[in-house]
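Worksheet for the structure shown next.
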Amino acid sequence: MRIATWNVNSIRARVRRTVDWMVREDIDVLAMQEIKCRPDQFPADVFEEAGYELAIHGLNQWNGVAFASRLPIEDVVTAFTDMPGFLKGEEGPGLPLEARAMGATINGVRLWSLYVPNGRSLEDPHYIYKLDWLARLKTDAAAWLAANPGVPFALMGDFNVAPFDSDMGDPTVIPGLSTHVSQPERDALAAFGEIGLTDVVRPIVPEGFTYWDYKQLRFPRNEGMRIDFILGSPDFANLVTDASIHRNERKGEAPSDHVPVVVDLDLPTEDDDDRPMIF
DNA sequence: ATGCCGGGATTTTCCCGA
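Last residue of the first sequence: number 279 in UniProt numbering, and the count goes up by one each step with no gaps.
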């Protein structure tokens, strides 16, 4: 089974490019972020014609997450336990939830598509929201792992944190003083290791960014960031046979500012089971 | 080469992104 995560930065603006890539790369499951639309606006027909079913969570033109899968999508949820909300100018509990998380079980694997809040600046309430969001995600993941031993589990998405200085190639971003590279954000991401989740891509692809700003020639200069990750449980990591960052998807006509991150799992798909035996 | 920001809506200007 081949699964991927991709912040598509508007699925309506990039549906043809997205689905063409999935077919070309034989992707079974794609976790999308920043679809930037409601389900009724999502270009479902293009995915369905290519053999993918969908689970979509979008509330408005902001954020939005989804799964596209060749295999059945089961047990979908659109938030984790105690997920914090956000509303500009407001604070405290009970704020509206944003469309930033979707959990689903596919082929016996529990997956999340996650769009972690940006943070905006170290002084902004959005930064506290980001740290709180990550901490509560960890708590929910820990509880789920304890309740579901043996089920492969992965958090996939745009974490909006560059864990190491080598993951930050934008010369205007200052480690420790900018969002994405502050110590509390890095600590919040590293904390997933405390519950046994590890970056399953980095051991296979140690170098490379997953995002380049549209502005100021960041891509031609290769001044990007590595902020999109697949964090797997030990049962998930044991299935991983390969991984790749599809840098070429930043090229060409109307790209997203992020590129896909892919892992191959040693798990048969239904298609494999249906394939006739050849003697 | 990969080329100087792009998407969406409250659309002709603003908000958001990282």
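For every residue, glycine included, the Cβ atom is placed at its ideal position computed from N, Cα and C.
Mapping the DSSP letters down to three states, classify residue i as helix, strand or coil.
i, result
"Phe-236", "helix"
"Asp-20", "helix"
"Glu-49", "helix"
"Ala-55", "strand"
"Asp-40", "helix"
"Val-15", "helix"
"Arg-202", "coil"
"Arg-221", "coil"
"Asn-60", "coil"
"Arg-247", "helix"
"Asn-9", "coil"
"Leu-30", "strand"
"Thr-269", "coil"
"Arg-2", "strand"
"Thr-210", "coil"
"Thr-78", "coil"
"Leu-71", "coil"
"Asp-264", "strand"
"Ile-230", "strand"
"Ala-254", "coil"
"Ala-101", "strand"
"Val-259", "coil"
Less than 9 angstroms between the beta carbons of residue i and residue j, yes or no?
i, j, result
"Val-65", "Tyr-115", "yes"
"Leu-134", "Leu-197", "no"
"Arg-70", "Glu-49", "no"
"Pro-152", "Val-205", "no"
"Thr-5", "Gly-208", "no"
"Asn-160", "Asn-222", "no"
"Pro-125", "Lys-88", "yes"
"Thr-81", "Leu-122", "no"
"Pro-184", "Leu-131", "yes"
"Gly-85", "Glu-74", "no"
"Phe-47", "Arg-12", "no"
"Asp-213", "Pro-163", "no"
"Val-262", "Glu-25", "yes"
"Ile-227", "Lys-138", "no"
Below 8 angstroms on the Cβ atoms is my guess for residue i versus residue j; work out the distance and round it to an integer in Å.
i, j, result
"Asn-107", "Thr-269", "6 angstroms"
"Gly-51", "Pro-39", "About 20 angstroms; that fails the 8 angstroms criterion."
"residue 339", "Glu-249", "Residue coverage of the chain in this structure runs from 1 to 279, which leaves residue 339 outside it and unanswerable."
"Gly-224", "Gly-169", "5 angstroms"
"Asn-7", "His-258", "4 angstroms"
"Arg-136", "Met-83", "6 angstroms"
"Arg-14", "Ala-254", "7 angstroms"
"Asp-28", "Ile-3", "6 angstroms"
Give me the residue from the options with the minimum Cα distance to residue i.
i, options, result
"Ile-56", "Gly-176, Met-1, Val-76 and Asn-148", "Val-76"
"Asn-238", "Ala-154, Ala-191, Glu-253 and Phe-192", "Ala-154"
"Asp-203", "Asp-132, Ser-244, Glu-90 and Thr-81", "Here residue 203 is Pro; the residue named in the question, Asp, does not match the sequence. When each option's Cα is compared against that of Pro-203, the closest is Ser-244."
"residue 280", "Thr-81, Ile-35, Gly-232 and Leu-131", "Past the edges of the chain, shown from 1 to 279, lies residue 280, and the structure says nothing about it."
"Asp-264", "Met-225, Arg-226, Ser-166 and Leu-30", "Leu-30"
"Ala-104", "Ala-68, Pro-93 and Gly-94", "Ala-68"
"Val-32", "Leu-267, Asp-235, Ala-254 and Phe-229", "The sequence given here has Met at residue 32, not Val. Considering only alpha carbons, the answer is Phe-229."
"Ser-182", "Gly-193, Phe-192 and Asp-165", "Asp-165"
"Ala-142", "Cys-37, Val-240, Gly-232 and Asn-9", "Gly-232"
"Trp-62", "Arg-24, Ala-101 and Trp-21", "Ala-101"
"Asn-9", "Arg-2, Thr-78 and Thr-18", "Thr-18"
"Ile-128", "Trp-112, Gly-252 and Glu-91", "Glu-91"
"Phe-236", "Leu-267, Gln-216 and Met-22", "Leu-267"
"residue 287", "Arg-186, Thr-241, Ala-44 and Lys-251", "In the structure as shown, the chain begins at 1 and stops at 279. Residue 287 is therefore absent and cannot be evaluated."
"Pro-96", "Asn-60, Leu-111, Trp-112 and Pro-72", "Asn-60"
"Ser-113", "Ala-146, Asp-242, Ala-79 and Asp-167", "Ala-79"
"Trp-144", "Cys-37, Pro-72, Lys-215 and Leu-111", "Leu-111"
"Pro-72", "Leu-177, Pro-220, Asp-242 and Met-1", "Met-1"
Beta strand (DSSP E) runs wholly inside the region 103 to 153, at least 3 long, in chain order: Within the region 103 to 153, the runs of beta strand (DSSP E) that reach at least 3 residues and sit entirely inside it are, in chain order, 109 to 115.
Taking the runs of the alpha helix (DSSP H) that are 4 residues or longer, which of them lie wholly in the region 147 to 194? The qualifying runs are 183 to 190.
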